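Below is one structure, written out as structure tokens; the observations come after it.
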Amino acid sequence: MSPTMKIQNLAQLEAFLKTRIPTREALFMGDIGLKRAKYFMKILGNPQNKIKVIHIAGTSGKGSTAYLTSNILVSQGFKVGLQVSPHVLDIRERLQINNELPKEKLILKYFNQILPFIKKMEQCKYGMPTYFEILVGLAYLMFAKEKLDYAVIETGLGGKLDATNTVTSKNKICIITKIGLDHTEILGKTISKIASEKAGVIQKQNTTINIQQTKDAQCVINKRCNEKNSRFYNIKQDTNFSIISSSPQKTIFDFKFQEKNTLRQKKTTARKCHSLEKINLGLVGVHQAENCSLALECLMLLSKRDKFKIDESKLKTALEKITIPGRLEIRKIGKQNVIIDGAHNPQKMKVLTNNISKIYPDQKFAFIVAFKKGKDYKEMLKNIIPLADKIYLTQFSLAGDNHWNSVENFEISEFLKNKNFKNFSIIKNNKTDVADIIWKTKKPIVITGSLYLIGTIYSNIK
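Going by this note's numbering, the sequence shown opens with residue -10, and the numbers climb by one from there.
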């Protein structure tokens, strides 16, 4: 790469990023990645400390919570950056401004600003930054230089050693979503170890908003907050939010603001809390009320800290209209209901199957599935099989972040046979095969197993 080289378009940008996908062996080499990310931020001028950051970690729901938090803040008139991963269709999904894809010209402007620094790092002891680290640096720089009010940042993997975890500002707000078993070969094989990695985003005097966790995870998060003198707000179902109803179109719930610092504030005389009644959330599933409650708690804490009034009418309108690609998305294609969800771990798959069985009681489904290598596909299939009339096995080609590809179909076939599930077949992930299933199948169709699968499916059902 020439030192004076400039990227001319998004295709060139993506081609360059693909040269920075690390090998499997180099992908998770202890803390070297975080050290490299910190050095990268330093030579960029530490843009991550020049904006107000909301940092989201967890096993399940962090992407949805990031989208919800961004939408809520935009509804109040703020300029908001949103950094999420992976992208479904367009790489610019990872670097949104005000819930919109930035123009190509803007992305290229800032990418070409960081390109000399990427090249410069080739000579340093850490080496050049990776695909993910470059995009994180680009997000922080672009959001800071565009003078955005807030940046909503989703961790890539874990938290403690993640490239997003370079913010040292005390005003950072951390949101911890549900923690479960995923990426166990990297993060640890117990809930406690995984919780420790996720809680690693909590730094000195940050504010932490946490969904009520299992006992082991909760203990780890409480301990981290005490160690870091973090203000802590714990969100519980039936205390801070209560479900009224859930349908294929929306979820209706009530929300009550958790005003007390849960770990330190002593019990006081009850006082009237800010509450929102009958929120019509345009997302399907009880779990989305949970994610939305975390985002609402964040909004209300920010309104107190940054001294702004909340426009409830605009807030409720934004929540009613919100859509998030690949999250329990129900589409009508022809006469068929097609449910698209990127569930990619057992915890998420259980949530998906629980929700669709409530929305469509006593119904069997046709599933189109593919799973990324390294995922616990066997546990996911255990949730799918009881609801499946037929399972179609397919694959996807992965281009971005790392070198994982989908599990081979013969592996899944053997597992299904061992579980005495015989009604399955293998299909190609192309327009003809996918369309054929959608038009010929009489039962609702569920497409799930990976956000990477969802991305290719979207291309095939346009």
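Don't be surprised by glycine CBs; every beta carbon is placed ideally from N, CA and C.
Note that the coordinates shown come from a computational prediction; the quantities given were computed from them, not determined experimentally.
Checklist entry - Does DSSP put Asn326 in a helix, a strand or coil? => result On the sequence shown, residue 326 is found 337 positions in, with the first residue counted as 1. When secondary structure is reduced to three states using DSSP, Asn326 falls in the strand class.
Checklist entry - If you follow the beta strand (DSSP E) that Gln247 is part of, which residue opens it and which one closes it? => result Counting from one through the sequence shown, the residue named residue 247 turns up at place 258. Where Gln247 is concerned, there is no enclosing beta strand (DSSP E), given that its DSSP letter is neither H nor E.
Item to check | Among Lys293, Gln194, Ala206, nearest to Glu186 - alpha-carbon criterion | outcome: Walking along the sequence shown from the start, residue 186 turns up at place 197. Closest option to Glu186, Cα to Cα, is Ala206.
Next on the checklist: Can you give me the C-alpha to C-alpha distance between Asn101 and Ile(-4), rounded to a whole angstrom?
Outcome noted: On the sequence shown, residue 101 is found 112 positions in, with the first residue counted as 1. On the sequence shown, residue -4 is found 7 positions in, with the first residue counted as 1. So the two alpha carbons sit approximately 6 Å from each other.
Item to check | Residues near Lys267 in its chain [Cβ-Cβ closer than 7 Å; skip 5 each side] | outcome: By 1-based counting over the sequence shown, the position of residue 267 is 278. Same-chain partners within the cutoff: Ile233, Ile241, Asp243.
Checklist entry - Assuming Ile103 and Leu(-1) make a contact with CB atoms under 8 Å, what is their CB distance in whole Å? => result Stepping through the sequence shown from its first residue, residue 103 is reached at position 114. Stepping through the sequence shown from its first residue, residue -1 is reached at position 10. Incorrect: roughly 15 Å between the Cβ atoms, too far for contact.
Checklist entry - Taking the runs of the beta strand (DSSP E) that are 3 residues or longer, which of them lie wholly in the segment 88 to 144? => result 139 to 143
Checklist entry - DSSP on Tyr349, reduced to helix/strand/coil? => result For the purposes of this step, residue 349 is taken as residue 360 along the sequence shown, with counting starting at 1. Three-state result, Tyr349: coil.
Checklist entry - By Cβ distance, which residues of its chain are closer than 6 Å to Phe410, with the 5 residues on each side in sequence left out? => result On the sequence shown, residue 410 is found 421 positions in, with the first residue counted as 1. Only Ile374 meet the Cβ criterion.
Checklist entry - Going by beta carbon distance, what residues of the same chain come within less than 6 Å of Val141, once the five residues before and after it are set aside? => result To locate residue 141, count along the sequence shown from 1; it is residue 152. Closer than 6 Å at the Cβ level, and outside the excluded window around Val141, lie Ile43, Ala55, Thr58, Ser59, Leu71.
Item to check | Alpha-carbon to alpha-carbon, Phe246 and Thr258 | outcome: The residue you call residue 258 lines up with position 269 of the sequence shown. The residue you call residue 246 lines up with position 257 of the sequence shown. A caution first: Thr258 carries a pLDDT of 39, below 50, which makes its placement in the model too unreliable to give a value.
Checklist entry - In whole angstroms, what separates the C-alpha of His333 from that of Lys361? => result As a first step, residue 333 is located in the sequence shown; it is residue number 344 there, counting from the start. As a first step, residue 361 is located in the sequence shown; it is residue number 372 there, counting from the start. Those two C-alpha atoms are separated by around 8 Å.
Next on the checklist: Pop quiz: Ala26 and Val125 are said to be a contact at Cβ under 8 Å. What is the actual Cβ separation, rounded to whole angstroms?
Outcome noted: By 1-based counting over the sequence shown, the position of residue 26 is 37. By 1-based counting over the sequence shown, the position of residue 125 is 136. Right, the Cβ-Cβ distance comes to about 7 Å (below 8 Å), so this counts as a contact.
Checklist entry - What three-state label does DSSP hand Leu272 in the structure shown? => result Within the sequence shown, numbered from 1, the residue matching residue 272 stands at position 283. The answer is coil: DSSP assigns Leu272 none of H, G, I, E or B.
Next on the checklist: Give me, in chain order, the residues of the same chain whose beta-carbon lies closer than 7 Å to that of Cys214; leave out the 5 immediate sequence neighbours on both sides.
Outcome noted: Taking the sequence shown and counting its residues from 1, one reaches residue 214 at position 225. Excluding positions up to five away in sequence, the list reads Ile191, Thr197, Phe221, Leu252.
Checklist entry - For Pro350, does the count of other Cβ atoms within 10 angstroms reach 16, so buried, or fall short, so exposed? => result Taking the sequence shown and counting its residues from 1, one reaches residue 350 at position 361. Under a 10 Å Cβ-count criterion, Pro350 is classified as exposed, with fewer than 16 other Cβ atoms of the shown protein chains found around its own Cβ.
Next on the checklist: Let me confirm a value: Cys281 is counted as buried when at least 16 other C-beta atoms fall within 10 Å, else exposed. Which label applies?
Outcome noted: Start at 1 with the first residue of the sequence shown, and residue 281 comes out as number 292. Buried.
Item to check | Of the residues Lys41, Lys305, Val273, Ala4, the one placed nearest Pro314, counting alpha carbons only | outcome: Taking the sequence shown and counting its residues from 1, the one referred to as residue 314 is at position 325. In terms of CA proximity to Pro314, Val273 leads the group Lys41, Lys305, Val273, Ala4.
Next on the checklist: Quick check on Pro335: buried or exposed, where buried means 16 or more other Cβ atoms within 10 Å of its Cβ?
Outcome noted: Along the sequence shown, read from residue 1 onward, the residue named residue 335 stands at position 346. It counts as buried.
Item to check | Contacting residues, own chain, Cβ-Cβ under 8 Å from Arg39 (five flanking each side not counted) | outcome: What you label residue 39 is simply residue 50 of the sequence shown in a count that begins at 1. The sequence shown places Lys at residue 39, rather than the Arg named in the question. Same-chain partners within the cutoff: Ala133.
Checklist entry - Any idea if Cys287 is buried or exposed, counting beta-carbon neighbours within 10 angstroms, 16 or more meaning buried? => result Within the sequence shown, the letter at position 298 stands for residue 287. When all chains shown are included, Cys287 counts as buried.
Checklist entry - When the Cα atoms are used, what is the spatial distance from Gly145 to Met(-6)? => result As a working mapping, residue 145 is identified with position 156 in the sequence shown. As a working mapping, residue -6 is identified with position 5 in the sequence shown. Cα-Cα distance, rounded: 29 Å.
Next on the checklist: Looking at the secondary structure, which residues open and close the alpha helix (DSSP H) in which Ala184 lies?
Outcome noted: Here residue 184 corresponds to residue number 195 of the sequence shown, with the count starting at 1. Here the alpha helix (DSSP H) through Ala184 covers 180 to 188.
Checklist entry - Around the C-beta of Gln277, are 16 or more other C-beta atoms found within 10 angstroms, so that it is buried, or is it exposed? => result Start at 1 with the first residue of the sequence shown, and residue 277 comes out as number 288. Burial call: buried.
Next on the checklist: For Arg294, count the other beta carbons within 10 Å of its own beta carbon; 16 or more makes it buried, fewer makes it exposed. Which is it?
Outcome noted: Counted from its first residue, the sequence shown places residue 294 at position 305. Under this definition Arg294 is an exposed residue.
Checklist entry - Given a threshold of 16 other Cβ atoms within 10 Å of its Cβ, counted over all protein chains shown, does Ser235 qualify as buried or as exposed? => result Translated into the one-based positions of the sequence shown, residue 235 becomes position 246. So Ser235 ends up on the buried side.
Checklist entry - Who are the near neighbours of Glu3 in its chain, counting only those whose CB is closer than 7 Å to its CB and skipping five residues on each side? => result The residue you call residue 3 lines up with position 14 of the sequence shown. So the qualifying residues of the chain are Ile80.
Checklist entry - Mapping DSSP to helix, strand and coil, what is Arg25? => result Locating residue 25 in the sequence shown gives position 36, counting from the first residue. Looking at Arg25 - three-state DSSP - the assignment turns out to be helix.
Checklist entry - For Asn35, which of helix, strand or coil comes out of DSSP? => result Residue 35 sits at position 46 when you count from the first residue of the sequence shown. Reduced to three states, the DSSP call for Asn35 is coil.
Checklist entry - Taking buried to mean at least 16 other C-beta atoms within 10 Å of its own C-beta, is Phe354 buried or exposed? => result On the sequence shown, residue 354 is found 365 positions in, with the first residue counted as 1. Its Cβ being crowded by 16 or more others within 10 Å, Phe354 is buried.
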